[in-house]
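**Student:**
There are 2 protein chains.
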Amino acid sequence: MDLLKSALAKISPLSPETETAFMDAWKTWELPKDHPVVRESTISDYIYFIHKGAARTYYIKNGKDITEWLALDQQFFLSITSFFQRSPSRLGVHTLEPSVISGIHYNDLMSMADKHHEVERLLRKMVTGSLILSQVRMDSIQFETAQQRYDRLLAYSPEIIRRVSLTYIASFLGITLETLSRIRSGK
Amino acid sequence: MDLLKSALAKISPLSPETETAFMDAWKTWELPKDHPVVRESTISDYIYFIHKGAARTYYIKNGKDITEWLALDQQFFLSITSFFQRSPSRLGVHTLEPSVISGIHYNDLMSMADKHHEVERLLRKMVTGSLILSQVRMDSIQFETAQQRYDRLLAYSPEIIRRVSLTYIASFLGITLETLSRIRSGK
DNA sequence: AATAGTTTTTGACATATATCAACTCGGCCT
DNA sequence: AGGCCGAGTTGATATATGTCAAAAACTATT
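Protein chains in written order, with the working numbering: chain A, 4 to 190; chain B, 4 to 190.
1. Determine the DSSP secondary structure at ALA149/B, reduced to helix, strand or coil.
2. Can you give me the Cβ contacts of HIS38/A inside the same chain, cut-off strictly under 7 Å, excluding the 5 residues immediately before and after it?
3. For ALA28/B, name the three-state secondary structure that DSSP assigns.
4. Can you check which of these residues, ARG127/A, SER133/A, ASN110/A and ILE163/A, is closest to PHE79/A by C-alpha distance?
5. Among LEU126/B, ASN65/B, LEU73/B and ILE135/B, which one has its Cα closest to the Cα of THR84/A?
6. Would you mind working out which of ALA10/A, ALA58/A, ASN65/A and GLN88/A sits nearest ALA74/A, comparing C-alpha positions?
7. Find the residues of chain A that neighbour SER133/B, judging by a C-beta separation of less than 8 Å, and give them in chain order.
8. Quick one: complete alpha helix (DSSP H) runs, 4+ long, within the stretch 71-123 of chain B?
9. Strictly by DSSP, which residues pair up with PHE37/A?
10. Run down chain B in chain order and give the residues with a C-beta less than 8 Å from the C-beta of SER137/A.
11. Nearest-angstrom Cα distance between GLY189/A and GLU181/A?
12. Note down, in chain order, all residues in the stretch 139-172 of chain A with a beta-carbon under 9 Å from any beta-carbon belonging to chain B.
13. Can you name the residues of chain A whose CB is closer than 7 Å to the CB of GLU123/B?
14. Does the beta carbon of GLY66/A come closer than 8 Å to any beta carbon on chain B?
15. Determine the burial state of SER102/A: buried for a count of at least 16 other Cβ atoms within 10 Å of its Cβ, exposed for fewer.
16. List the whole-angstrom C-beta distance separating ALA173/A from LEU157/A, where the pair is believed to meet the contact cut-off of C-beta under 8 Å.
17. Examine chain B for any beta-carbon lying closer than 8 Å to the beta-carbon of THR60/A, and answer yes or no.
18. Within 10 angstroms of the Cβ of TRP235/B, are there 16 or more other Cβ atoms? Answer buried if so, exposed if not.
19. Name the chain A residues whose beta carbon is nearer than 7 Å to that of GLU40/B?
Next up, the structure:
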C-alpha cells in the first residue's frame, strides 16, 4: 500500500485523516501472468494502480487487437471513456506479468470526492495529468513518423521495450509488427 | 454572461453565492475578425469561453501552420499543456469572426478552486470532458481514414464546415488541403 | 467592371507504411 | 535431443496520403 500512498502523495497531498479514509476504499488483487483484469464490453468500474508487474489495455478494432495503453510498476490506468461515461467499453485489460494491482470503485471514488475537497483536487490533478499525456500522444501519432515514435518510447520508457512483446508495442505505437521490426533492425 | 453561466451550469451546478464570486473572476473582450487572442510562445494564462463567434487554436509544426482546435459559439477552449503546465506554448489563438470572448486567469481559477469545493468539482468535470474528447479524437486520427474523419466532422459539427475555411479544417483533421478538396469533390 | 489577392481545385508524381506470405529463430514439452 | 509453436524477420507489392506546381474559382478593392 505504501507505493500507492506515495504515488498519490506525489500528485496531491492528503491530510492524514482523509488519507486513511481514502486508502480504505482501495482493494488489492494479486494476479498471475496473462490474467484478465477487466473483461471487454463491460463497464469498467475501477481506476487501477499497479504496484508491481505489467498490464495491457487493449481493444478490438476491425478484427485487430490494438494495445491502447501499457502500464508498468507504479502507474495508474483505467478505461477513460468507460469509467467516466459509465458506458460499456470495448476495452479489456490483462496482466502481462505476475502483478499486484489495486483499484478503487467509481462509486467510492466519487463519494469520497464529494465528501473531501482534497480528494476532489487529487482526482482533478490526476485527470489533468492524463489529459496532458493524451495531448502529447495525439501530437505524436499525428505528426511523428513511426521511427520517431519508437525513439520517443525508447527514451521515455525503455522498460516497456524490455518487458513487453513487440506485437503489443507495435499496436501501442500505432504501427504494424512488421514496420516495428524493420525500424529496430535499422532499415 | 448568461451564456457562460448556463454553459457552466450544464457541466456542474454552483450554489448562488459561489456562482456570483466565480463569475466575477471572468473578464470579457469583444474582438474583431482575425484578431489575436493568445500570442505564440507565451504562457497561456486563460481558459476561454466564446459567447459568439469563432476562434482557432494553432501552432507551427515544421514550418507548417497546424490547426489544433476550432471553437465556435458557446465553447470553451484553452492551450491545455501551456495552461496546466505553466509553460510557454507554441500555441497561438486568433478569431476567425468578430467574437465575444471571456476568460478566467489561471491564478484566479486555482484560488477559487482552492476556496470552493464546487469550483474544484466543476474544473474536474471540465477537464474530464476534455480528456474524453481527446481520447475520441486520438482514436479517430489513429484509425480512421481521411474520408471518415471528414464525415465525422460533418456529422458532429456541420457549422464548422460552413463557417471555417477549408485550409484550417484540413489541418484540424490532420490532412492536407488537397486531400480534403478531393474528398469533398467525391474522389 | 477590372484588378489583385486569396482560397480551392486538379494533375502528376513520391513516399511511408500496410498487407500478405514465406522463412527463421528460440524456447518448451514429451 | 527432436520437433513444435508462437514470435519476430524479411521480401514483394499495394495503397492512402503527401508534395509540388499550375489552373481555376472566389472575394474584395479601387
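In this text, a Cβ means the ideal position worked out from N, Cα and C, and glycines have one as well.
**Tutor:** In short, the structure shows the following:
1. Of the three classes helix, strand and coil, the one that applies to ALA149/B here is helix, per DSSP.
2. In the same chain as HIS38/A, and ignoring 5 residues on each side of it, the C-beta atoms closer than 7 Å to its own belong to HIS97 and THR98, in chain order.
3. Three-state result, ALA28/B: coil.
4. The shortest Cα separation from PHE79/A among ARG127/A, SER133/A, ASN110/A and ILE163/A belongs to SER133/A.
5. Looking only at LEU126/B, ASN65/B, LEU73/B and ILE135/B, the smallest Cα-Cα distance to THR84/A is reached by ILE135/B.
6. If we check each option's Cα against that of ALA74/A, ALA58/A comes out closest.
7. Per Cβ cutoff of 8 Å: LEU134.
8. 83-88 and 109-118, all fully within the stretch 71-123 of chain B.
9. Phe is not the amino acid found at residue 37/A; the sequence shown has Asp there. Beta-bridge pairing links ASP37/A to no other residue.
10. LEU134, SER137, GLN138 and MET141, listed in chain order.
11. Spanning the alpha carbons of GLY189/A and GLU181/A requires a straight line of approximately 13 Å.
12. Listed by position, the residues of the stretch 139-172 of chain A near chain B (Cβ gap below 9 Å) are VAL139, ARG140, MET141, ASP142, ILE144, GLN145 and PHE146.
13. At a C-beta separation below 7 Å, GLU123/B has these neighbours in chain A: HIS120, GLU123, ARG124 and ARG127.
14. Interface criterion not met: the Cβ of GLY66/A is under 8 Å from no Cβ in chain B.
15. Buried is the call here.
16. Actually they are not in contact, since the Cβ atoms of ALA173/A and LEU157/A sit about 14 Å apart, beyond 8 Å.
17. No, because no Cβ of chain B sits closer than 8 Å to the Cβ of THR60/A.
18. Examination of residue 235/B is not possible in this model, given that chain B is present from 4 through 190 alone.
19. Checking the sequence, you will find Val at residue 40/B rather than Glu. Those within 7 Å of VAL40/B in chain A number zero; the least Cβ separation is about 19 Å.
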